[in-house]
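Some notes on the structure that comes next.
Protein chains: 2
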Amino acid sequence: MGTPLPRDPIADARLNWERHGWSDVAAPMAAITAIMRTQQILLGRIEAVLKPFGLTFARYELLALLSFARSGALPMNKASALLQVHPTSVTNAVDRLQEAGLVIRSPHPTDGRTTLIELTPEGRTLAKRATAVLNSEVFGQSGFADQDVDQLIRILGTFRRNAGDFSG
Amino acid sequence: MGTPLPRDPIADARLNWERHGWSDVAAPMAAITAIMRTQQILLGRIEAVLKPFGLTFARYELLALLSFARSGALPMNKASALLQVHPTSVTNAVDRLQEAGLVIRSPHPTDGRTTLIELTPEGRTLAKRATAVLNSEVFGQSGFADQDVDQLIRILGTFRRNAGDFSG
DNA sequence: GCAATATACTAGGACATCCAAGGGTTTGGA
DNA sequence: TCCAAACCCTTGGATGTCCTAGTATATTGC
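In structure tokens form, the structure reads like this:
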């Protein structure tokens, strides 16, 4: 997984698709496979940057989300919806963040079913520090040209809307 | 995770970034986050299609890779390199595919360290059937416009090359 | 008012990914 | 020739994701 391959494996897969008579879907196959691989590369970079903070991307995302909430607190179901992950994934992340003293669970004032996740001062500080490093080490050096960033935002935004992520 | 949100959470995150004075990296942050989410959506669709076959995407990828190898067999380390995943992930996938009778492990004829993964007739048949459904249900209905597919292949191809995936 | 339905969170299980470490096989330089 | 270094695969552990099911609380409708 270290040395670069002599050929692009995804381009090769596309050629294989075409050779087998699936030319009509070869291009989307290649695009989708490229998205999978790109996500893997980016996630690796992000996790490497967050590791010194004792954070994973899943935990960081939750921390960052809370840090932008005015009160520094959110119901778990709201966090699940905004992060677009399964509720059990939020439970998992909160468990670990709570162990680390970065968030606390507190009961919802009016709805007994709901649990609020609240940022602790330590959590807020760590979120700030982690964001600064992510900005400089990952987002600031994404390797995408500016106009390509715009293209990605447009293309993937349309895709996500069509997939039912949001209606706006 | 079912109902569409009223607003695009990634666009909101971008606004938050800009509000906090990180405008210079807000766009790449949004693009990268969109890639993460898009991958999640696509993986979900793929897994749903493969589930009736008793396959996951990881196992399918290995099966497909083998089906394109002339001999229907590949060394594990080669599969690991081409699929760009950790060797232990290949071990895991092969274990399960072997239990299902879709591949068999065989010793390398000259190198005692190497294990060959070989497609069984059942494995080859299943790969073919699964590919047909993936083509029609996922790749053929990706939701990307044709020119956007080309853009994605170009943008992500450049990114992957710069990230060291391949040198070609 | 009370039962039926809907919602919120958590527990347990199946999978996948990576890392670290260990045992076997080859290769290559002293 | 021979031993150290490199390489290949597997095991064990930590994390994350999702699904299914179960418990508790709210809401709805009769």
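Residue numbers (our numbering), protein chains in the order written: chain V, 1 to 168; chain G, 1 to 168. No residue lacks a Cβ here, since even glycine has one placed at the ideal position from N, Cα and C. Computed from a predicted model, the values in this text were never measured in an experiment.
My output table needs one value for A64 (chain V): the three-state DSSP class, helix, strand or coil. helix
Using a cut-off of 8 Å between C-beta atoms, extract the partners of S167 (chain G) located in chain V. P4, L5 and P6
Please classify Q39 (chain G) as buried or exposed, where buried requires at least 16 neighbouring CB atoms within 10 angstroms. buried
Show which residues of chain V have a CB atom less than 8 Å away from the CB atom of R37 (chain G). Q84, L156, R160 and D165
Less than 8 Å between the beta carbons of R7 (chain V) and G168 (chain G), yes or no? yes
With distances taken from CA atoms, which of V:I35, V:G54, V:G44 and V:F68 is nearest I10 (chain G)? V:F68
Does D95 (chain V) pass the burial test, meaning 16 or more other C-beta atoms within 10 Å, or should it be called exposed? exposed
In terms of alpha-carbon separation, which member of G:T56, G:D24 and G:A30 lies closest to L42 (chain G)? G:T56
Which residues in the same chain have their Cβ closer than 6 Å to the Cβ of V90 (chain G), if we skip the five residues on either side of it in sequence? M76, A79 and S80
What does G140 (chain V) touch in chain G if you count any residue whose Cβ is under 8 Å from its own? D24, V25 and P28
Stretch-stretch touch, CB-based, cutoff 8 Å, three pairs: the stretch 153 to 162 of chain G with the stretch 25 to 39 of chain V: yes
Does the distance from the CB of A100 (chain V) to the CB of A58 (chain V) come in under 8 Å? no
Should N135 (chain G) be labelled buried (16 or more other beta-carbon atoms within 10 Å of its own) or exposed? buried
Compare the Cα-Cα distances from L116 (chain G) to each of G:L102, G:A73 and G:T88 and report the closest residue. G:A73
With the cut-off set at 8 Å, would you say V149 (chain V) and R45 (chain V) are in Cβ contact? no
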